[in-house]
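Step one of this worksheet: look at the structure below.
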C-alpha cells in the first residue's frame, strides 16, 4: 500500500507551488506598497482565544482542530488556528497596542474540519488588518487594496458584495434567528408572515441596488426598524465613498452572515459565484480579548481558490536557462572542477545542476562535460550545436553573447 | 454471518430478558461473570460479543460490528465528536431510561463563569465540551473521568455532566441540576453500510416485534430551559488550607484501609456499604474523597487534590500523556502488585515484541492495539516501531478483544491466569505497578497546609520503611 496524505489535505506539486508563490508574491508586493508590514502568528493558539462571544460561532467551533497539548493537564485546549484575523488581533493586543495605528499583513494556513471529502481542511489565505482607525476611509482602503491585488493577479469578473454586520444583528434579534445560520434561517421564514413583509422584504429588495436607491428607501426602512438608523447611515456613507471612487458593487445584506466578530461593513469578493475573499470591520474584537477599545478592519484573499484563477501567462519561464554540469565519473579532480564552474555560473544568475543521472539531458539548455582541469565540452540543446572550450571563461563569454540576443 | 455487540453492566439484565422474549435462547448472557461470547440456539449465524457498554458505539461506527445495543448517552457522546460516523440509530428499545444532567453542588450566584475558567468533570467529555461551547463559556477546562463524578463538586469541580434516573436521585447525591442535556434509553444501533448491504432485517425484526407498543411510564424529567449556569461563590477561607486526600474505590479499598490503619489513620465508613464517597478521617484539616484511581493523577496535577493513593500504572499513563505534569510518586506503598504486559493471541506465532515487529513488516497489515491505558499503549507501539497501528481505547474487559477485535493488548495482570484462560499469551512486560502515594511537586511545605501534607506523608513513610 502506498502512503497517502490525510483526508482533506492537499499537496502542492512544483507547478502548483510556482503559482502559489506567484500569488503570495503579488499579495506581498501590493501590501508593502500600501504601507503594510508583514507579521506571522503561530499555528497553535489557545482555544479560548476563539470561544468568546463575538468571535467564532459554536457551529464553527465544533469543527476546529483542538487538542490537549503535552502539558495540557489543566484541560486547557489548544487549537490549530481556524481563522487568520483573530490571531493577528491577539498579536497586536499582546505586542503593539501602544503604537496606535498599525497596518499589518500575513500569509497563513487555517484549519477547519470539513465533512465532505472534497473540501479542503487546510486553507491558505493572505490577508491585511488595519488596526486603530474607525474611519470609513479605512474600509475603503481595504476594498481598493483587495481589488488591486486581484487585478494584478489577472482575476477577471470580480464581484464586490456589500453588507453590514450591524444591520444583520438587528435583523437576527428582530426575527429571533440563530446567529450562526442566518442565511439558512432566513430561507425558512414564511413569505406570508407579517415579519417577512415588514422587515425582511424591504431589506432583501435592496439586493443589487445602488446607494441612491437605499437613500430613497431609508425612511421606509426606519419606519419598521427605527433602531437601524445608525447602521444604515454608516452603510450609506460607505456606499457613497465607493460610488465616488467608481467601484462597482452589489448590496446583499444577508450574504455577510457567518463571522461573529464583524461589527460594521462587510465586503465579500466573488468570482463566477465562488467566494475568493472578503473582510470587514471588527471594532469589538480587541476589547473582547482584554485589549483597549480599538477599532479595526481587515480582509483576506483565499489562495486555494485563486490558484485556479490566476492567468498562466503571468508565470514567466525560469529567468535563466538551466545548465547541467557533468563531471567525469569517479574523478575527484573533475568533481572539484565541476563544483567550481557551477558556483561561478550560479554567481552570475544561472540555475545550475550537477549531473546525478536520472533526468533527460534534453531538458537543459546547456549540458557541459568537464574534460580536464579546465577544458569543457558544451552542448547547446536549443541550437543542437556542440562546442569545445579551453577554459570556463570562454564559455561565459558565449553565455553573455547568448543572453544579449 | 452477522456480528452483534451486547452490553455488560446496567443494561445486561433487561437486554437478556428482551432476547429471551424474542426467543433467542442464549447459552450464557445472564451475568457479568466474564462470559463474553454467548451463542443463540435460534440465530446460529449471529456472532455475539459482550462489551463494556461504552465500547459499543465505536464498534458499530467503524463497522467492526453490524448491530449493537447500548444507551443513547454513549451514542451521543460519540456523535458529538464524529457526527458523520457510520452509526445509525435503528430503534428505541424503551428500557434503561435515564437523563444526562449538568449539575453543581451549590446554588450559584452571578455569571462570573464567562470570564474565569469553569471546571467541568464527567464521563462524557465530548458532550461537556459541546455544552460549554453552546453556552459560550469563554474559558473552560473539561476533565474526563472514569467515574464517581458526583463527588467532585464543589471543591474539585464547578460543574458536572452526569447521568441519573431523576432529579431526585441527583438531589440525594447533593447535586443541583442546572439543565437536562439528554433524555436517554437503550437503543438498537447499526452500522450504516451493513444496514444497506447486509440482510439484518431478520435479527432487527425479532427484537422490535417483542417491544411493548408504548412506554409504560414516561420518564419524568423537567427539561425546561437552561437555567443560567452560575459559578460557585468562592468557598470559605478556612477551606483553603484543607488537605484534600483522594482514596481509591473498588477492589483497592481493603489493602488501602489495612495500610492506613498501620499508619494510625482511621476512616469512618470506608469502604462504604452505602457508596458514601466522603468518609470522615481522624485527622484535623484533611478532607477525604473516594474516587476512581484512574482519575487521580490528573486531579493531583491540577491541584484539585493534594495527595492520592493510586497505582503506578495510572501515574505512568498520565505522565505518558503529559510528560511535564507536576505529579510525582511520593511513596511506593508496595501493595496491589500487578504487571503491565503486552498480550497477543496464543495462536499468533510471535514470542516477543521484536518478533511482532518483524511479523507486521512481513505481512504489511496495520495493527490494532486495545487498551485501557491509551497513552501507555501508544508509547509502547511508538517505541517498538510497530509501524501502522491504531489504538482502540477500551473501558474494561479488554482481554475479550483478542483475537477478533484487536491484535495486541496492553493489560495489567496479577497472576496471568485471566490471560491464560482467554487463550492469550504475554510477549512482554512493560513494568511492575504497585499502589503509590502521589502528590504535586509544586507544593511547598512551609505553609500550614504544606506542613499538614508533610506530616501525612511522613506517617505513611514510616509504614513502608522508606527513607
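Chains as they are written, first to last, in our numbering: chain B, 1 to 405; chain P, 1001 to 1467. Cβ atoms here follow ideal geometry from the backbone N, Cα and C, with glycine treated the same way.
Three-state class that DSSP yields for residue 1405 of chain P in the structure shown: coil
Cα-Cα separation between residue 1488 of chain P and residue 1336 of chain P, rounded to whole angstroms: There is simply no residue 1488 of chain P to check, as chain P begins at 1001 and stops at 1467 in what is shown.
Beta-carbon proximity of residue 51 of chain B to residue 81 of chain B, cut-off 9 Å: Between residue 51 of chain B and residue 81 of chain B, the C-beta gap is not smaller than 9 Å, which leaves the two residues out of contact.
Per-residue burial, residue 1300 of chain P [other beta carbons within 10 Å of its own, 16 or more giving buried]: buried
Residue 400 of chain B versus B/343, B/373, B/384 and B/348, residue with shortest Cα-Cα distance: B/348
Residues within the stretch 1298-1324 of chain P neighbouring chain B, beta-carbon criterion of under 8 Å: 1298, 1301, 1302, 1318, 1321, 1322, 1323 and 1324
Under the three-state DSSP convention, the category residue 1314 of chain P falls into: helix
CB contact check: residue 61 of chain B to chain P, cutoff 9 Å: yes
Below-9 Å beta-carbon distance, residue 366 of chain B vs any chain P residue: no
Same chain only: Cβ atoms within 8 Å of residue 95 of chain B, ignoring 5 sequence neighbours per side: none
Between the CA atoms of residue 308 of chain B and residue 272 of chain B - distance to the nearest angstrom: 12 Å
Straight-line Cα distance separating residue 36 of chain B from residue 222 of chain B: Taken atom to atom, the span from the alpha-carbon of residue 222 of chain B to that of residue 36 of chain B is near 39 Å.
Contact under 9 Å by Cβ, residue 126 of chain B with residue 12 of chain B: no
Residues of its chain near residue 1397 of chain P, where Cβ-Cβ distance is below 6 Å and the 5 sequence neighbours each way are ignored: In the same chain as residue 1397 of chain P, and ignoring 5 residues on each side of it, the C-beta atoms closer than 6 Å to its own belong to 1052, in chain order.
Rounded separation between residue 1411 of chain P and residue 1434 of chain P - CA only: Approximately 14 Å, taken between the alpha carbons.
Cβ shell of residue 1423 of chain P (< 6 Å), same chain only, five flanking positions each side left out: 1346
Within chain B, the residues that residue 1084 of chain P reaches when beta carbons sit closer than 7 Å: 115
Within chain B, partners of residue 1137 of chain P - CB distance below 8 Å: By Cβ distance, chain B contributes 51.
Supposed contact pair residue 236 of chain B and residue 255 of chain B - C-beta distance, whole angstroms, cut 8 Å: Between residue 236 of chain B and residue 255 of chain B the Cβ distance is about 18 Å, and since that is not below 8 Å, they are no contact.
Counted within 10 angstroms of its Cβ, other Cβ atoms place residue 164 of chain B as buried (16 or more) or exposed: buried
Inter-residue spacing [alpha-carbon to alpha-carbon] between residue 1142 of chain P and residue 1120 of chain P: 5 Å
Simplified DSSP assignment, three categories, for residue 1142 of chain P: strand
Three-state secondary structure (DSSP) of residue 1342 of chain P: strand
Min CB distance residue 1467 of chain P to chain B below 9 Å: In this prediction, residue 1467 of chain P has a pLDDT of 46, which is less than 50 and means its spatial position is unreliable; what the coordinates show is noted afterwards. Not one beta carbon of chain B lies nearer than 9 Å to the beta carbon of residue 1467 of chain P.
Own chain, CB closer than 6 Å to residue 1401 of chain P, minus 5 neighbours either side, in chain order: If we look at residue 1401 of chain P and ignore the five residues flanking it on each side, its Cβ neighbours are 1370.
C-alpha gap between residue 345 of chain B and residue 385 of chain B, whole angstroms: 20 Å
Local conformation of residue 1234 of chain P per DSSP, three classes: Because residue 1234 of chain P carries a pLDDT of 41, less than 50, the predicted location of this residue cannot be relied on, and the following value inherits that uncertainty. DSSP places residue 1234 of chain P in coil when its eight states are reduced to three.
Assumed close pair residue 1263 of chain P, residue 1462 of chain P - CB separation to whole angstroms, cut-off 8 Å: 7 Å
Cutoff 7 Å; reference residue 1140 of chain P; Cβ partners in own chain excluding five residues on either side: 1117, 1118, 1120 and 1132
Short Cβ contact (9 Å threshold) for residue 247 of chain B with residue 149 of chain B: no
Candidates P/1184, P/1394, P/1420 and P/1317, of which the one nearest residue 1091 of chain P by Cα: P/1184
Entirely enclosed beta strand (DSSP E) segments - the stretch 1376-1448 of chain P, minimum 3 residues: Taking only runs of at least 3 residues, the beta strand (DSSP E) segments lying wholly in the stretch 1376-1448 of chain P are 1389-1393, 1408-1413, 1424-1433 and 1435-1440.
Minimum Cβ-Cβ distance from residue 58 of chain B to chain P less than 9 Å: yes
Straight-line Cα distance separating residue 158 of chain B from residue 238 of chain B: 19 Å
Supposed close pair residue 1474 of chain P, residue 1331 of chain P - CB separation, criterion 8 Å: The requested residue 1474 of chain P does not occur in the structure, where chain P is confined to residues 1001 to 1467.
Inter-residue spacing [alpha-carbon to alpha-carbon] between residue 287 of chain B and residue 66 of chain B: 24 Å
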